[in-house]
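*Asks:* Residue numbers (the working numbering), protein chains in the order written: chain E, 23 to 228; chain X, 23 to 228; chain W, 23 to 228; chain V, 23 to 228. Cβ atoms here follow ideal geometry from the backbone N, Cα and C, with glycine treated the same way.
There are 4 protein chains.
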Amino acid sequence: MLGLAGGGVRIVAGAAGWQTCPVRRSAAKRVEVLAVAGEVVAARGADATRFTDVSAATGVGVSTLQYYFGTREDMLIAVFRHAAERDFELVGERLATLEDPWERLLAIATHLGSDLTWRLWVESWRWASRDPEVRADVLRDYTRWRELIAANITAGDPVRVARQVLALIDGLALPVVLGDPAVDRAAAGDLLEDALARLLGRAPSL
Amino acid sequence: MLGLAGGGVRIVAGAAGWQTCPVRRSAAKRVEVLAVAGEVVAARGADATRFTDVSAATGVGVSTLQYYFGTREDMLIAVFRHAAERDFELVGERLATLEDPWERLLAIATHLGSDLTWRLWVESWRWASRDPEVRADVLRDYTRWRELIAANITAGDPVRVARQVLALIDGLALPVVLGDPAVDRAAAGDLLEDALARLLGRAPSL
Amino acid sequence: MLGLAGGGVRIVAGAAGWQTCPVRRSAAKRVEVLAVAGEVVAARGADATRFTDVSAATGVGVSTLQYYFGTREDMLIAVFRHAAERDFELVGERLATLEDPWERLLAIATHLGSDLTWRLWVESWRWASRDPEVRADVLRDYTRWRELIAANITAGDPVRVARQVLALIDGLALPVVLGDPAVDRAAAGDLLEDALARLLGRAPSL
Amino acid sequence: MLGLAGGGVRIVAGAAGWQTCPVRRSAAKRVEVLAVAGEVVAARGADATRFTDVSAATGVGVSTLQYYFGTREDMLIAVFRHAAERDFELVGERLATLEDPWERLLAIATHLGSDLTWRLWVESWRWASRDPEVRADVLRDYTRWRELIAANITAGDPVRVARQVLALIDGLALPVVLGDPAVDRAAAGDLLEDALARLLGRAPSL
DNA sequence: TATGAATGAGAGTTCATTCAT
DNA sequence: GATGAATGAACTCTCATTCAT
Chain E
23 MLGLAGGGVR
33 IVAGAAGWQT
43 CPVRRSAAKR
53 VEVLAVAGEV
63 VAARGADATR
73 FTDVSAATGV
83 GVSTLQYYFG
93 TREDMLIAVF
103 RHAAERDFEL
113 VGERLATLED
123 PWERLLAIAT
133 HLGSDLTWRL
143 WVESWRWASR
153 DPEVRADVLR
163 DYTRWRELIA
173 ANITAGDPVR
183 VARQVLALID
193 GLALPVVLGD
203 PAVDRAAAGD
213 LLEDALARLL
223 GRAPSL
Chain X
23 MLGLAGGGVR
33 IVAGAAGWQT
43 CPVRRSAAKR
53 VEVLAVAGEV
63 VAARGADATR
73 FTDVSAATGV
83 GVSTLQYYFG
93 TREDMLIAVF
103 RHAAERDFEL
113 VGERLATLED
123 PWERLLAIAT
133 HLGSDLTWRL
143 WVESWRWASR
153 DPEVRADVLR
163 DYTRWRELIA
173 ANITAGDPVR
183 VARQVLALID
193 GLALPVVLGD
203 PAVDRAAAGD
213 LLEDALARLL
223 GRAPSL
Chain W
23 MLGLAGGGVR
33 IVAGAAGWQT
43 CPVRRSAAKR
53 VEVLAVAGEV
63 VAARGADATR
73 FTDVSAATGV
83 GVSTLQYYFG
93 TREDMLIAVF
103 RHAAERDFEL
113 VGERLATLED
123 PWERLLAIAT
133 HLGSDLTWRL
143 WVESWRWASR
153 DPEVRADVLR
163 DYTRWRELIA
173 ANITAGDPVR
183 VARQVLALID
193 GLALPVVLGD
203 PAVDRAAAGD
213 LLEDALARLL
223 GRAPSL
Chain V
23 MLGLAGGGVR
33 IVAGAAGWQT
43 CPVRRSAAKR
53 VEVLAVAGEV
63 VAARGADATR
73 FTDVSAATGV
83 GVSTLQYYFG
93 TREDMLIAVF
103 RHAAERDFEL
113 VGERLATLED
123 PWERLLAIAT
133 HLGSDLTWRL
143 WVESWRWASR
153 DPEVRADVLR
163 DYTRWRELIA
173 ANITAGDPVR
183 VARQVLALID
193 GLALPVVLGD
203 PAVDRAAAGD
213 LLEDALARLL
223 GRAPSL
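#1: Let me confirm a value: Ser85/W is counted as buried when at least 16 other C-beta atoms fall within 10 Å, else exposed. Which label applies?
#2: State the Cα-Cα distance for the pair Pro197/X and Val58/V, rounded to the nearest angstrom.
#3: Going along chain E, which residues have a C-beta under 8 Å from Arg182/X?
#4: Could you check the C-alpha separation between Ala173/W and Ala208/V for me, to the nearest Å?
#5: Taking 8 Å as the threshold (beta carbon to beta carbon), is Ser151/E in contact with chain X?
#6: Can you pull out the residues from the stretch 158–183 of chain W whose beta carbon lies closer than 8 Å to at least one beta carbon of chain V?
#7: Quick check on this structure: which residue in Phe102/X, Gln186/X, Leu170/X has the alpha carbon closest to the alpha carbon of Ile130/X?
#8: By DSSP, does Ile171/X sit in helix, in strand, or in coil?
#9: How do the stretch 115–126 of chain X and the stretch 56–74 of chain X stand: do at least 3 beta-carbon pairs fall below 8 Å, yes or no?
#10: Beta-carbon within less than 7 Å of Asp109/V's beta-carbon, same chain only, minus the 5 sequence neighbours each way: which residues are those?
#11: Taking any Cβ of chain W, which residues in the stretch 184–195 of chain V have a Cβ under 8 Å from it, in chain order?
#12: Please confirm whether Leu200/E has its beta-carbon closer than 8 Å to some beta-carbon of chain X.
#13: For Glu155/X, which option in Gly135/X, Glu95/X, Ile191/X has the closest C-alpha, if you only look at C-alpha atoms?
#14: With a threshold of 7 Å on Cβ separation, who are the neighbours of Ala184/W within its own chain once the five nearest residues in sequence on each side are excluded?
#15: Give the interface partners of Asp69/E over in chain X, defined as CB-CB distance under 7 Å, in chain order.
#16: Would you say Val230/W and Leu194/W are within 8 Å of each other, going by their C-beta atoms?
#17: I'd like to know if Trp147/X contacts chain E, where contact means its C-beta is closer than 8 Å to some C-beta of that chain.
#18: Mind pulling the alpha helix (DSSP H) runs of 4 or more residues that sit fully within the stretch 135–186 of chain E?
#19: List the endpoints of the continuous alpha helix (DSSP H) containing Val113/W.
#20: Which class does Arg72/X belong to by DSSP, given the choice of helix, strand or coil?
#21: Give me, in chain order, the residues of the same chain whose beta-carbon lies closer than 7 Å to that of Val101/W; leave out the 5 immediate sequence neighbours on both sides.
#22: From Ala150/W to Leu112/E, what distance separates their C-alpha atoms?
#23: 8 Å is my cut-off, CB to CB: does Val144/E come that close to chain X?
#24: Quick check: what's the CA-CA separation for Gly201/V versus Asp163/W?
#25: Mark Asp212/X as exposed unless 16 or more other C-beta atoms lie within 10 angstroms of its C-beta, in which case mark it buried.
#26: With 8 Å set as the bound, which would you pick, yes or no: does the beta-carbon of Pro197/E sit closer than that to a beta-carbon of chain X?
#27: Thinking Ala217/W and Leu190/W are a contact (beta carbons under 8 Å), I'd like their distance in whole angstroms, please.
#28: If you follow the alpha helix (DSSP H) that Gly60/E is part of, which residue opens it and which one closes it?
#29: Leaving out five residues on either side along the sequence, give the residues of the same chain with a beta carbon under 6 Å from the beta carbon of Ser146/E.
#30: Could you check which residue in Gly135/V, Met97/V, Asp179/V, Asp153/V has the C-alpha nearest to that of Leu214/V?
#31: In the stretch 80–106 of chain E, which residues sit with their C-beta less than 8 Å from some C-beta in chain X, listed in chain order?
#32: Excluding sequence positions up to five away, which residues of its chain have a Cβ less than 7 Å from the Cβ of Gln186/E?
#33: Could you name the residues of chain W that Arg116/V contacts, counting a contact when the two beta carbons are closer than 9 Å?
#34: Report the rounded CA-to-CA distance for Ala78/E versus Trp143/E, giving the unit in angstroms.
#35: For Val205/X, return the contacting residues in chain E, with the cut-off set at a CB-CB distance below 7 Å.
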């Protein structure tokens, strides 16, 4: 089931019993497809993402997508996983260049609240509501983000504040991504900064 | 509300442009259906909600659902609207019995973060991302909730804090509804209360 | 599962749970389709019979066939059942006009060994090998034919001879239907008559 | 046999006309595969036998099967031929150890009516109905079995009785293989013995 | 000689929708 | 006002086959 894990073969349930289905045979191409598919899923929503859509966006035929991923749902799960891993990687690279805790927190918030990431996160979350396997992934990732945030909190109770901060990031991203004129990206940044200062017990202007 | 009120004909967006479609045939039955359909949408997700699902859950035939609502998308939009109105009504009734601002805020948070309401809210939000009509509804509702919250904030900048509080409510509901053991409903309440106290500049224990 | 049984609704397992599926709503049309579908199954074999084939042969659209029968396999089973019932009816009508036991036996043999009936019988038999429900049908029908034959055997041990006779009918039909020049329909009739006489202990020429 | 013997190239009917296809690459492996494939065909039916089924049952990859046999239909025909030849070989070996005509006839009947042989025979017969090449094979084999039986008939008209006996064997195998409680293998043996005695004009108990 | 990667054709099935009543 | 019959469109999936190695 770990479509992203090491090579070899994967056993999937087919209509007429069990058959072997190769995995990671052309990893490069597969990853390319996953990246583009992530954009499609973010744009259309997971439920509405057809093989045809991904095929059109990637230039890879429908049959080949099925050869790569198995069923449509397997493809979507692979997209979620790939995106989640990619997010951690990208944020990790970014954090490696920053020293200041506030800047680090802001970098995390900016990434999580970006349109693509946030939309995929919501899709993952919905899928997780109906699929235990995905739910485990999502909860694990959620924990990882909280830990990453807590590691950058220098005052108060880092664990508690990290939960509040992650909730704020999530909750502020919602109107931003929806294009609410009352809470645009800049306003969300201000609101987050202000709230953070208060949660940490500092002066509002940090 | 719009879909439920007034007699005569309603103009709805159909697959092939605009068509007239009768309203208030048997408003009572229709509202019953909307309530049950809301549960179906919350459980399965809007994209995955078929006429047959709602038919099975309500005992009303598919053709009758179409007679009531028009297309499937029209039905979903009606469900969103009905649920949104219902939420305002229910919270309004609850608030009429409460005096203390914190209790009032908690009542709002409790309702918004309840499983059914939150799931439907996420579905509305996703639909709004792709449908301008629904987006207008959602943004208007979001504004109404912020105003309701601001009206119960007694210190600091009510408007700003209301935005932060609504974001917190939304962001905390996410792990709660997903069943994250790290942030269950009780923990979310504590985190919200604590954050609120700090955002209002009071002592943490309020 | 009894597609041929009385009206009402039938519960069939769908991909996303259980749904109701109407049965026997336009019995006349449905029976017409079953008759033609039987010819298609006899000609192409059950496994190779597609909805498309039956659609082309009947002029009824694929969707309508599925509306009538459910899945392809349900359709095939309905075809088997319909053909089996039809065979009993037709032979019953024929026997009502005959007095002489040998003529009656010959009428039975002629019907069972006819191209259409025999081919469908083989298809039923193969299907029965893999589907317990069909197996029950086939075994029951086999019993009924043996009883019908035994009722027309006037000497010796009717039950034992009936089994031998039915085996002979089946075994002789095989080369006949395949077009074996060594055993054509006339030769099969002679061989059957001769064998019957000996099995009954009479003179070969009866 | 044809497909297994001789080196060089074999001309087989492909989808797009005639193509050359190498033979006797690794005859041993190929024969192993044919034996296992025969079991698969007997179990699933020829139409339902996929390359993947044979691949799973043999451990030989799909591409290799195609390399061995060409198209799927070529593989099935090879299976039929191999099984037919194997049956003659096995019965020949068995008959070499028997003297008594009745025992020899019983040995033939037992082999033809065995589950595997009989199922493959039915599959061959069905295929022969639609493929002239296979029909020729089947009719030739049928003739060979009749001759073998006739050679062991010591009274009456051997040719005529052989046809009746082969029909009886075929017809009795049908309920036996299907698991009809009314005609199990032992009962079929008794019925065959009894019928044979009468057809040969001897006393029933031979 | 043998095999994995990739792909096109075709099938079953679901489902919204139209029409007649 | 309400509903069952019928159907076309779209989608997923299976599978044989081709190609390159």
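*Replies:* In short, the structure shows the following:
#1: With fewer than 16 other Cβ atoms within 10 Å, it is exposed.
#2: Answer to the nearest angstrom: the Cα atoms are 54 Å apart.
#3: The contacting residues are Leu213, Asp216.
#4: If you take the alpha carbons of Ala173/W and Ala208/V, they lie about 24 Å apart.
#5: Taking a beta-carbon distance threshold of 8 Å, Ser151/E counts as an interface residue toward chain X.
#6: The stretch 158–183 of chain W vs chain V, Cβ under 8 Å: Val160, Leu161, Tyr164, Thr165, Arg168, Arg182.
#7: Ranking Phe102/X, Gln186/X, Leu170/X by Cα distance to Ile130/X puts Leu170/X first.
#8: In this structure, Ile171/X counts as helix in the three-state DSSP scheme.
#9: The answer is no - the stretch 56–74 of chain X does not touch the stretch 115–126 of chain X, with fewer than three Cβ pairs under 8 Å.
#10: Only His133, Thr139 meet the Cβ criterion.
#11: So the list reads Arg185, Gln186, Leu188, Ala189, Leu190, Ile191, Asp192, Gly193, Leu194, given in the order they occur along the chain.
#12: Closer than 8 Å to some Cβ of chain X, the Cβ of Leu200/E qualifies, so yes.
#13: Sorting Gly135/X, Glu95/X, Ile191/X by C-alpha distance to the C-alpha of Glu155/X places Glu95/X at the top.
#14: Hits under 7 Å: Arg168, Ile171, Ala172, Ile175.
#15: Here the neighbours are Gly67, Asp69, Ala70.
#16: Examination of residue 230/W is not possible in this model, given that chain W is present from 23 through 228 alone.
#17: The beta-carbon of Trp147/X is placed less than 8 Å from the nearest beta-carbon of chain E.
#18: Listed in chain order, the alpha helix (DSSP H) elements of length 4 or more contained wholly in the stretch 135–186 of chain E are 137–152, 154–172.
#19: From DSSP, the alpha helix (DSSP H) with Val113/W extends over 94–117.
#20: Here Arg72/X sits in coil by DSSP.
#21: These residues qualify, in order along the chain: Leu56, Ala59, Gly60, Val63.
#22: Rounded to the nearest angstrom, the two C-alpha atoms are 59 Å apart.
#23: Output row for Val144/E: interface = yes.
#24: Looking at the two C-alpha atoms, the distance is approximately 14 Å.
#25: Its Cβ having fewer than 16 others within 10 Å, Asp212/X is exposed.
#26: Closer than 8 Å: yes.
#27: The pair is a contact, with the Cβ atoms about 6 Å apart (cut-off 8 Å).
#28: Looking at the DSSP string, the run of the alpha helix (DSSP H) that includes Gly60/E is 49–66.
#29: If we look at Ser146/E and ignore the five residues flanking it on each side, its Cβ neighbours are Phe102, Val160.
#30: Per the Cα distances, Gly135/V.
#31: Residues: none.
#32: Excluding positions up to five away in sequence, the list reads Leu221.
#33: Residues of chain W passing the Cβ test: none, with the nearest at roughly 22 Å.
#34: Going by the C-alpha atoms only, they are around 23 Å apart.
#35: Near Val205/X (Cβ distances below 7 Å), the residues of chain E are Arg185.
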